[in-house]
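Working notes, structure below.
Numbering (this note's numbering), first residue to last: 10 to 164.
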């Protein structure tokens, strides 16, 4: 066995965390806060939502997730979150609102000002998104639309 292997333990109890360190989004800590804005980015493929998520993720006081409602896996795109965790996938598929509240919108570092994710139309249709929206008390909705520039040039 490789003695240099990273030791992991389970927190929340689904997410493997290197060296037993708690992740800010999963384990309430001393000085943690629930005073942050919740946001959702609504978009279509190729509309720039990944660029916006990357820009938000670069901000030290914003926690940004990718596509949380893809059918066969969860695209957290955040360090320490397992995109292929079967227990988290089952929780998300069975209880969307509980998944968001306990995994995504759990207590954050005091400096955190906003936490959110993006969603596409096919993912909205596959979930009871109205219920998710109401229960999670989302504060900010960003709608991204992509103009067909080829059509504009030809007009």
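Glycine included, C-beta positions come from ideal geometry on N, C-alpha and C.
Name the DSSP beta bridge partners of residue i, please?
{"i": "residue 149", "result": "48"}
{"i": "residue 135", "result": "According to DSSP, residue 135 bridges with nothing at all."}
With distances taken Cα to Cα, identify the nearest neighbour of residue i among the options.
{"i": "residue 91", "options": "75, 106 and 103", "result": "75"}
{"i": "residue 45", "options": "83, 77, 81 and 70", "result": "70"}
{"i": "residue 48", "options": "55, 65 and 54", "result": "65"}
{"i": "residue 109", "options": "147, 55, 80 and 56", "result": "147"}
{"i": "residue 56", "options": "130, 115, 149 and 138", "result": "130"}
{"i": "residue 82", "options": "72, 132, 62 and 68", "result": "132"}
{"i": "residue 104", "options": "118, 60 and 136", "result": "136"}
{"i": "residue 106", "options": "139, 61 and 152", "result": "139"}
{"i": "residue 99", "options": "89, 79, 114 and 116", "result": "79"}
{"i": "residue 128", "options": "122, 96, 85 and 111", "result": "85"}
How would you call residue i, buried or exposed, if buried means at least 16 neighbouring beta carbons within 10 angstroms?
{"i": "residue 52", "result": "buried"}
{"i": "residue 143", "result": "exposed"}
{"i": "residue 77", "result": "buried"}
{"i": "residue 8", "result": "In the structure as shown, the chain begins at 10 and stops at 164. Residue 8 is therefore absent and cannot be evaluated."}
{"i": "residue 101", "result": "buried"}
{"i": "residue 141", "result": "buried"}
{"i": "residue 149", "result": "exposed"}
{"i": "residue 54", "result": "exposed"}
{"i": "residue 60", "result": "exposed"}
{"i": "residue 119", "result": "exposed"}
{"i": "residue 154", "result": "exposed"}
{"i": "residue 134", "result": "exposed"}
{"i": "residue 63", "result": "exposed"}
Identify the continuous beta strand (DSSP E) that holds residue i and give its terminal residues.
{"i": "residue 154", "result": "Note, residue 154: premise wrong, no beta strand (DSSP E); not H, not E."}
{"i": "residue 129", "result": "Residue 129 -> no beta strand (DSSP E), and no H or E assigned at all."}
With respect to the alpha helix (DSSP H) encompassing residue i, which residues constitute its N-terminal and C-terminal limits?
{"i": "residue 94", "result": "Per DSSP, residue 94 belongs to no alpha helix (DSSP H) and is neither H nor E."}
{"i": "residue 105", "result": "105 to 108"}
Which runs of the beta strand (DSSP E) at least 3 residues long sit entirely within the segment 35 to 88? Give them in chain order. 46 to 51 and 71 to 76
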